[in-house]
Ligand code: G3P
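Numbering (the working numbering), first residue to last: 10 to 207.
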């Protein structure tokens with residue numbers, strides 16, 4: 010299982026990247042906003058520090074706006090994965106961006122049906138939000154089980170399952186047992202795992 014860091018904090022990235030456990034980074038507009046510099050500057054710096062995929066999210070909600078922002082983000086560095094929301098426009102932008110050779114992370118996935126659509130749109134990553142489902146009294150890990158089972162049935166689906174909204178170590182262990190490709194973890198969870206898995 011790969012681990013991505015779910016943060017835009019350059020100090021956290023710098024310190025945790027040295028562990029050798031970090032395979033990529035995911036950011037979102039709220040994580041970027043906490044840092045106090047421009048999106049472009051932060052993303053550029055992260056991409057210099059990390060060789061693996063770095064997700065940077067569009068804020069537009071219309072197709073042409075997503076395409077414009079997505080192409081701009083992808084121009085910042087070769088390892089950018091453009092993050093788009095799981096909406097009709099997001100899926101159309103996913104299809105178009107991936108056809109141009111750009112990695113796309115389709116985020117805010119809350120159902121297996123949505124994950125099928127993202128795979129059909131050629132998504133590089135699908136991000137199901139398991140903690141948010143747990144918050145609603147549903148079983149987030151069950152969604153990962155469903156998506157992994159479905160994707161395994163169709164070898165032409167190349168989309169990697171990127172477990173997001175991870176709240177605890179149990180989420181990592183249970184989704185690793187199922188065979189999820191990646192978990193994106195807040196720095197706090199990575200640090201906790203040193204203490205509880207030793
Ligand atoms: O990976 C998605 C994350 O940034 C949101 O997580 O804990 O706010 O649901 P959370």
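Built from N, CA and C at the ideal position, the CB exists for glycine as well.
All values derive from a computational prediction rather than experimental measurement.
Residues of the same chain with a CB within less than 8 Å of the CB of residue 70, apart from the 5 flanking positions on each side, are 94, 96 and 98 in chain order.
The same chain holds no residue with a CB closer than 7 Å to that of residue 122 once the five nearest residues on each side in sequence are set aside.
Straight-line measurement puts the Cα of residue 23 at about 13 Å from the Cα of residue 51.
The C-beta of residue 92 has 16 or more other C-beta atoms within 10 Å across all chains shown, which makes the residue buried. Here the alpha carbon of residue 170 sits roughly 14 Å from the alpha carbon of residue 64. Look at residue 152 here: in three-state DSSP terms it is helix. Between residue 53 and residue 85, the C-beta gap is smaller than 8 Å, which places the two residues in contact. Residues 119, 149 and 174 of the same chain have their beta carbon placed closer than 8 Å to that of residue 141, with the five preceding and five following residues left out of the count. In this structure, DSSP gives residue 164 a state outside helix and strand, which the three-state scheme calls coil. Look at residue 138: its beta carbon is less than 7 Å from one of the heavy atoms in the ligand G3P. Here the alpha carbons of residue 42 and residue 10 stand approximately 29 Å from one another.
The C-alpha of residue 57 is placed about 14 Å away from the C-alpha of residue 35. Boundaries of the alpha helix (DSSP H) harbouring residue 53: 48-58, taken from the DSSP string. Contact check for residue 181 against residue 156 fails: the beta carbons are separated by 8 Å or more. Per DSSP, reduced to three states, the secondary structure at residue 14 is strand.
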